[in-house]
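Asker: I have a structure I would like to understand better, so I am pasting it below and will then ask my questions one at a time.
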Amino acid sequence: MERQLPKNVRQIGNVSDNPKIYVEDYVDTYLNQLREKAKEQPVGVILAGEVLELEDEKAVFVSGAVQMQELSEKDGKLEIGQDGMKHMMEEAAQYFPESHIVGWGIVEEGNPMSRNREVKKIQEREFGQEGSLFLWKNAREQDEIFYAYKFGELMQIGGHYIYYEKNPEMQNYMINTRKENGVTPSEVVEDRAAKNFRSAVREKIEYKEQHQSSAFAYITSAVLVLIVLVIGITTVNNFDKMKAVQNSLETLSETVGGGQADAKTRTETAETAKNNAKEASGTVKKAEGTTTSETSDGQLSDQDYYVVQKGETLAGISQKLYGDTSHVKAICKMNGLSDGNLIYIGQKLLLP
1 MERQLPKNVR
11 QIGNVSDNPK
21 IYVEDYVDTY
31 LNQLREKAKE
41 QPVGVILAGE
51 VLELEDEKAV
61 FVSGAVQMQE
71 LSEKDGKLEI
81 GQDGMKHMME
91 EAAQYFPESH
101 IVGWGIVEEG
111 NPMSRNREVK
121 KIQEREFGQE
131 GSLFLWKNAR
141 EQDEIFYAYK
151 FGELMQIGGH
161 YIYYEKNPEM
171 QNYMINTRKE
181 NGVTPSEVVE
191 DRAAKNFRSA
201 VREKIEYKEQ
211 HQSSAFAYIT
221 SAVLVLIVLV
231 IGITTVNNFD
241 KMKAVQNSLE
251 TLSETVGGGQ
261 ADAKTRTETA
271 ETAKNNAKEA
281 SGTVKKAEGT
291 TTSETSDGQL
301 SDQDYYVVQK
311 GETLAGISQK
321 LYGDTSHVKA
331 ICKMNGLSDG
341 NLIYIGQKLL
351 LP
C-alpha cells in the first residue's frame, strides 16, 4: 500500500522547512529512553525509514532507530570504526528490512555546536546522501534538533511531526535489545496503548458533541422562523399585536438560548457516561497485541488492572492493593494520568 501523509500527528516546532520530517511515536519514545544512559557518555543511533515525494514535497519518515554500540569518545571527539559501522548497518537491515538508512543521531549532554566539525565529518563519510538527517538530542533536557544534509552542509530544520501507526519492527527491536540498550519496552507498549485509546475516545466525543450541537441549533432556528412567519401573517395589520409579538419573541429567544445550553449540557453528560462505559470495556481490547504482560496469549490478566468503584480515589486504591499510598505516582504514570483525582467509576486502571 502506497504511503500517504499521516493524519494523526503531533507537531513539534516550526515545520515550514524542507524536507518534512515524520518520526514514528515508538522511535521518539525509544530515543527519549536513551537519555538516561547518555548522561554517562554519548549514545549514537542510526535512523531507518524512507524518503518520499508526497504532495509535491520531500518527506522523510523515521520508523526505526538502532543504537550505535561501537560509538566511542576519545579525547572529547566521537569515533566510529569501519568495522563497527558495518556491524550497525547489518543490524539495521536485520530489524528493519523494508527500510533504508535515512540518517543518524547523538544523545548527549552539552550543545550541538561543540561538535560541528566531527559531526559533519562523520555525516559526509557515512551518511553523505542529499537530504540525510542528523539528530542531536539533549540527555538532560527536552531539547532536540534535526538537521538535513543539503548542498554540502548540515542545515537546521525548524521542527518535525510525531506520527502514530503500528510499528512491530521497532517493538521487536526494543524487546530483543532491552538488556544491552537499557530500555523497558513493556512500559512503552502500555503507555502507547493507553495514549492511543484516550486519543480515540476524545476524538469520538468531540465529533459527537459538535454534530449534535449543530443539529440542535438547526432545529431550533427552523422552529423559531416558523413561529415568526405564522404570527407575522396573522398580525400584519395590527400594530398593537405586533408590539406584543415583539416582546414575546424576545422572551422566546432567551428561553430557546437557555434551553439549547441545557440540552447541550444534558447531551454532553449522556455522551460522557456512554463513552466512559465504552472506555472501560475497550481498554483491554486496545492493549491486545501491544502489551507484554506475561500471559500466554499476550492479553491482560485480571491481576494487571483494577476496576474503579464508586467513591474511590487513587490513594485509596493504592492503600487497598498495596497497603500504602506510595504507588499513586506509578499508577498515574502507567495510565497516563496527569491528575490523580480524574478517575471515574468503571475505569480500568493498569497496575504497576
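Take the sequence shown: its position 211, counted from the start at 1, is 211 in my numbering, and no numbers get skipped.
Glycine included, each C-beta is placed from N, C-alpha and C at the ideal position.
Everything numeric in this text was worked out from a predicted model, so none of it was measured.
In whole angstroms, what is the alpha-carbon distance linking Pro352 and Leu321?
Answerer: 11 Å
Asker: Just verifying my parser: in three-state terms, what is the DSSP assignment at Asn18?
Answerer: coil
Asker: Indicate whether Pro6 and Tyr163 have their beta-carbon atoms separated by less than 9 Å.
Answerer: yes
Asker: Could you check whether Gly152 and Phe127 sit closer than 9 Å to each other, using their CB atoms as the reference points?
Answerer: no
Asker: Give me the Cα-Cα distance between Asn8 and Tyr30, rounded to the nearest whole angstrom.
Answerer: Going from the Cα of Asn8 to the Cα of Tyr30 covers about 19 Å.
Asker: Can you have a look at Asn335 and say buried or exposed, based on whether 16 or more other CB atoms are within 10 angstroms of its CB?
Answerer: buried
Asker: What first and last residue would you give for the beta strand (DSSP E) that runs through Gly159?
Answerer: Here the beta strand (DSSP E) through Gly159 covers 159-163.
Asker: Work out the CA separation of Lys20 and Glu55 for me, nearest whole Å.
Answerer: 11 Å
Asker: Taking only beta-carbon atoms, is Tyr306 less than 9 Å away from chain C?
Answerer: As a matter of chain content, chain C is missing from the structure shown, which is built from one protein chain.
Asker: Do Tyr22 and Val62 come within 9 Å of each other at the CB atom, strictly closer than that value?
Answerer: A contact, by the Cβ cut-off of 9 Å.
Asker: Take His100 and list the residues in its own chain whose beta-carbon comes closer than 8 Å to its own, dropping the five residues that flank it on each side.
Answerer: Ala48, Gly49, Glu50, Val51
Asker: What do you get for Asn129, buried or exposed, if any count of 16 or more other CB atoms within 10 angstroms of its CB means buried?
Answerer: Looking at the sequence provided, one finds Gln at residue 129 rather than Asn. Exposed, by the Cβ-count rule.
Asker: Ala38 and Val119 - do their beta-carbons sit closer together than 9 Å?
Answerer: no
Asker: Taking its Cβ as the centre, do 16 or more other Cβ atoms sit within 10 Å of Ala139, making it buried, or is it exposed?
Answerer: buried
Asker: Nearest to Glu169 by alpha carbon, out of Leu78, Gly159, Glu98, Ile345?
Answerer: Glu98
Asker: Can you tell me whether Thr295 is buried or exposed? The criterion is at least 16 other CB atoms within 10 Å of its CB, across all chains shown.
Answerer: Confidence at Thr295 is low in this model, with a pLDDT of 42, below 50, so the placement of that residue is unreliable and no value is reported for it.
Asker: Which class does Ser326 belong to by DSSP, given the choice of helix, strand or coil?
Answerer: Of the three classes helix, strand and coil, the one that applies to Ser326 here is coil, per DSSP.
Asker: Which word fits Gly64, buried or exposed, when buried means at least 16 other C-beta atoms lie within 10 angstroms of its C-beta?
Answerer: buried
Asker: Give me, in chain order, the residues of the same chain whose beta-carbon lies closer than 6 Å to that of Glu91; leave out the 5 immediate sequence neighbours on both sides.
Answerer: Val66
Asker: DSSP three-state call for Glu91: helix, strand or coil?
Answerer: helix
Asker: Could you pull the start and end residues of the beta strand (DSSP E) that Arg3 belongs to?
Answerer: No beta strand (DSSP E) contains Arg3, which DSSP labels as neither H nor E.
Asker: Report yes if the C-beta distance between Ile317 and Ile331 is below 9 Å; otherwise report no.
Answerer: yes
Asker: Which residues mark the beginning and the end of the beta strand (DSSP E) in which Ile145 is found?
Answerer: 144-150
Asker: Can you tell me whether Tyr173 is helix, strand or coil according to DSSP?
Answerer: In the structure shown, Tyr173 adopts helical secondary structure according to DSSP, grouped into three states.
Asker: Given this structure, state the Cα-to-Cα distance separating Gln347 from Gly110, to the nearest angstrom.
Answerer: 43 Å
Asker: CB Met88 to CB Ile46, shorter than 9 Å?
Answerer: Result yes, Cβ atoms of Met88 and Ile46 sit closer than 9 Å.
Asker: Looking at the secondary structure, which residues open and close the alpha helix (DSSP H) in which Tyr365 lies?
Answerer: The structure shown does not extend to residue 365, since the chain spans only 1 to 352, so no value can be given for it.
Asker: So Asp25 packs on Ile157, CB below 8 Å; how close in whole Å?
Answerer: With a Cβ gap of about 19 Å, Asp25 and Ile157 do not count as contacting.
Asker: Beta-carbon within less than 6 Å of Lys150's beta-carbon, same chain only, minus the 5 sequence neighbours each way: which residues are those?
Answerer: none
Asker: Going by DSSP, which residues form a beta bridge with Met334?
Answerer: BP columns for Met334 are empty, so no partner.
Asker: Where do the N-terminal and C-terminal ends of the alpha helix (DSSP H) with Arg125 fall, by residue?
Answerer: 116-126
Asker: In or out: Ser338 buried (at least 16 other Cβ within 10 Å) or exposed?
Answerer: exposed
Asker: Please list the terminal residues of the continuous alpha helix (DSSP H) segment that includes Asn32.
Answerer: Segment 25-38, the alpha helix (DSSP H) holding Asn32.
Asker: First and last residue of the beta strand (DSSP E) that includes Gln67?
Answerer: For Gln67, the enclosing beta strand (DSSP E) has its first and last residue at 57-68.
Asker: Where DSSP assigns a beta bridge to Ala48, which residues make up the other side?
Answerer: Gly64, Ile101
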